[in-house]
């Protein structure tokens, strides 16, 4: 009996047990989510893959920056091609094709006002499947790009993807799949997904209906399944350590994330597939820190991508259930061990059912509970049960017990929600005004600050006067939490009907709280006076009810005055503990697990992905308000589920949280937001003006250097470090930067770049013809021909300033545009044409047409230009390459503060035309 009483004290719904168990739930779940978010190690059994060889390949591919317009790019191309030929030599069902033939034109994915012409330098591999049924269709495409940006060696973007595909090719060559596998190791992705677009002109693109694209948008960690087209394709992602969340796909589709990958091209061409990419550590993305020494996990990160690509690739090639057009998917992982997958319409149907059935179930249970409770009270007071049906009894209970006796218990829940939302908005406003970029380097400070404030605001509204309210506060609060989640479920149902799957956690939360409420109703009915209990328990309860310490109002009886006959030692009879204190021990634990642990688990997983993906997009121009609001919402959702239990959580928790909130908020407001470990990113561009291309004696008119980045930091803290900017008129304007939301600062510079080979005769580099050879002539009233070519480059451009062209033709190319990407939907034409050649020093001949008024000639004005991104000479073995030098960029690299890094560099030389 003493043991049972001891267990009762430990497990009863009292302050200490509730505080301890609640803390354990939060700590255990947070620890589990964070622990399983680490990059797993490579096993001894690598299932036919060779991590050591892949890591060696990665070193060769990422030895230096290798953008498309660089000689280092050619060396990476040669290395990959030779490695694959050696690895697959003598295997009949493997074919390698160095695509130096295909070319294509299309409307740019980033802006339909831009047209693109590209000549392929893709490395294609075909592994013929063993099943003749899929020899000409139904295969799977595997894609990664081998080019990098000019400022990064491209370890995660996309060296790891390429090294993974090389391993997968070797594995499939030895383990022939059922379906045909096609590999597109493509070039020019960083310049506009060019390699993927051009692949669509190759016949092998018609062999596939599904794809797996490997990418990198950060610096290591666990690769995330960013996007998936359908439930059929998602079935392939049955991998050893799954990591993915449909919220990332929602962010892409709604424009919250503005970057793009080859996934965009393949889905636009009608294929189903998956987009797997690194996403953490974006401060290193496209910078010198996207290199092996700075990669989170290094070999372990590479293995994480390799094992995921192998498992999902084999499913795409051997499992027929991974092919076919299906519903949009809802997916999320749990603790890196399970991937939950369901069609989006299942989520919608489930929401509708919960919206209808859930309230009905709860209302019936509350009505029965009210009838039993009221009948029990009348029996206790010696009266007959109230007449009337269950609905009448429930209504009487609702107005008599719920509002007249405990009105504040109903109101304070909603008051706490309103107060919490208001204080969170105030906190976000404070961060945005005082230190808007602290999220970039210290997101944990902001999250802890928001979390503790949410808890304090909820507790300080809910807890006061709890001891003077009806004993069923927990149950009532759970019912109100259910009502709140039901309202959220209405919104989530509308969102699901609009194609948003990231609201799945609302469905799970609503269902879990409904179950907790059902448990509470059963608990109250079991403990009610009018319920049919076992006789011993019933009479024991009736004996407690008959004690003189309580009147019918449940107040302690007034003690009789002491007399000479009063015993020296008073004999006390203990009163029955309240249902909330000890009744039916264990009920409240089940409710806590359902109402708190379930939503906390889902929201914590979302928080890890959200903070890892968004926190460091601020220096790319993302809205700081959106990022802070998202983190604030996560913090609010992490705290709200525990509200029904807060009045039993010890006050020292709130006292501790006050100290934590003050410290984290002050730190978040005062700390400098960038560091050498988490640097702010800027971009560099130099523009060299060469005058009118028709002038016989063209000379450089001026050179302008532009550094773009976050407002205040670039104009006030960065520019003063550059000697060439000192004493110059610097023009800073928002919106002139490469990315929206950034500020670009420009000044005239005497540091001229050299586009050709560096030699002793520097004077030869000064003339305009050394940079750009171009001409323009009119063919008729509405057409013209351009010749444009640059020294030591393979990228040029045409800009049309006063009118848009309707059609263009690059001489020597295949006529027409890709049918899936043929032009602006409004038919307005193109304002620019980007030209990419596979050969160096190419002179493009381009005919353009535009709309005019009959035979009347209208003036066509614009610019022609070529671009450079390679700024130093180098060599690999016996191969050497010479490039132009960019002194202005070298100045930037030399004088940048250590908390700043460069993520984009380009030189553009241009001349104007008017014909």
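Residue numbers (my numbering): 697 to 1611.
Cβ coordinates follow ideal geometry from the N, Cα and C atoms, glycine included.
Residue range of the alpha helix (DSSP H) that residue i falls in?
i: residue 1283; result: 1283 to 1288
i: residue 851; result: Element bounds for residue 851: n/a, residue is neither H nor E.
i: residue 1375; result: Segment: none, residue 1375 is in no alpha helix (DSSP H) and carries neither H nor E.
i: residue 1147; result: 1139 to 1158
i: residue 787; result: From DSSP, residue 787 is part of no alpha helix (DSSP H); its letter is neither H nor E.
i: residue 1465; result: 1464 to 1467
i: residue 830; result: First-last for residue 830: undefined, no H or E at that position.
i: residue 1173; result: 1169 to 1193
i: residue 1014; result: 995 to 1014
i: residue 1587; result: 1583 to 1591
Cβ atoms of residue j and residue i: under 8 Å apart, would you say?
i: residue 1564; j: residue 765; result: yes
i: residue 1288; j: residue 735; result: no
i: residue 1530; j: residue 888; result: yes
i: residue 1384; j: residue 1441; result: no
i: residue 878; j: residue 904; result: yes
i: residue 846; j: residue 1399; result: no
i: residue 1174; j: residue 1212; result: yes
i: residue 1390; j: residue 1609; result: yes
i: residue 1490; j: residue 1536; result: yes
i: residue 1124; j: residue 1429; result: no
i: residue 1330; j: residue 1303; result: yes
i: residue 1311; j: residue 1136; result: yes
i: residue 1353; j: residue 1116; result: no
Are there 16 or more other CB atoms within 10 angstroms of the CB of residue i, so buried, or fewer, so exposed?
i: residue 743; result: exposed
i: residue 1013; result: buried
i: residue 807; result: exposed
i: residue 1149; result: buried
i: residue 1242; result: In this predicted model, residue 1242 has a pLDDT of only 40, less than 50, meaning its place in the structure is not dependable enough to derive any value.
i: residue 988; result: buried
i: residue 1461; result: Only weak support exists for where residue 1461 lies, its pLDDT of 47 falling under 50; the value from the coordinates is given anyway. Per the 10 Å Cβ criterion, buried.
i: residue 1341; result: buried
i: residue 1355; result: exposed
i: residue 1397; result: exposed
i: residue 1001; result: buried
i: residue 1270; result: A caution first: residue 1270 carries a pLDDT of 41, below 50, which makes its placement in the model too unreliable to give a value.
i: residue 1169; result: buried
i: residue 657; result: Since the displayed the chain opens at 697 and closes at 1611, residue 657 lies outside it and no answer follows.
i: residue 1100; result: Note that residue 1100 scores 39 on pLDDT, short of 50, meaning its location in the model is unreliable and no value can be drawn from it.
i: residue 1395; result: exposed
i: residue 871; result: exposed
i: residue 1129; result: exposed
i: residue 950; result: exposed
i: residue 1582; result: buried
i: residue 1547; result: exposed
i: residue 1540; result: buried
How is the beta strand (DSSP E) around residue i delimited, first residue to last?
i: residue 778; result: Run containing residue 778: none in the beta strand (DSSP E); it sits in the alpha helix (DSSP H), 767 to 783.
i: residue 1413; result: Run containing residue 1413: none; DSSP gives neither H nor E here.
i: residue 974; result: 968 to 974
i: residue 837; result: 835 to 841
i: residue 1507; result: Note, residue 1507: premise wrong, no beta strand (DSSP E); not H, not E.
Am I right that residue i and residue j are in contact with their C-beta atoms under 8 Å? What's the rounded C-beta distance?
i: residue 1556; j: residue 1528; result: About 13 Å separates the two Cβ atoms, so there is no contact after all.
i: residue 862; j: residue 779; result: 6 Å
i: residue 1155; j: residue 1025; result: The Cβ separation is near 39 Å, so there is no contact.
i: residue 1208; j: residue 1349; result: That pair is no contact at about 23 Å.
i: residue 836; j: residue 1009; result: 7 Å
i: residue 1502; j: residue 1545; result: 5 Å
i: residue 1368; j: residue 1376; result: About 10 Å separates the two Cβ atoms, so there is no contact after all.
i: residue 1498; j: residue 1451; result: In fact, because the Cβ distance is near 28 Å, the residues do not count as touching under 8 Å.
i: residue 1301; j: residue 1592; result: 37 Å between Cβ atoms; not a contact.
When you compare the stretch 781 to 801 with the stretch 1495 to 1510, are there three or more beta-carbon pairs, one atom per stretch, that lie closer than 8 Å?
yes
Should the stretch 907 to 923 be regarded as contacting the stretch 838 to 847, the criterion being three or more beta carbon pairs within less than 8 Å?
yes
Would you check if there are 3 or more beta carbon pairs closer than 8 Å linking the stretch 892 to 903 to the stretch 814 to 822?
yes
Would you say the stretch 923 to 933 touches the stretch 857 to 877, given that touching needs at least three Cβ pairs under 8 Å?
no
Decide if the stretch 919 to 926 is in contact with the stretch 963 to 975; the criterion is three or more beta carbon pairs, one per stretch, under 8 Å apart.
yes
Indicate whether the contact test is met: 3 or more Cβ pairs, each with one atom in the stretch 1587 to 1599 and one in the stretch 977 to 985, closer than 8 Å.
yes
Taking 8 Å as the threshold, find out whether the stretch 754 to 772 comes into contact with the stretch 954 to 972 through three or more Cβ pairs.
As far as the Cβ criterion goes, the stretch 754 to 772 does not touch the stretch 954 to 972, which means the pair count is below three.
Quick one: any contact between the stretch 783 to 798 and the stretch 865 to 876, if contact means 3 or more CB pairs under 8 Å?
yes
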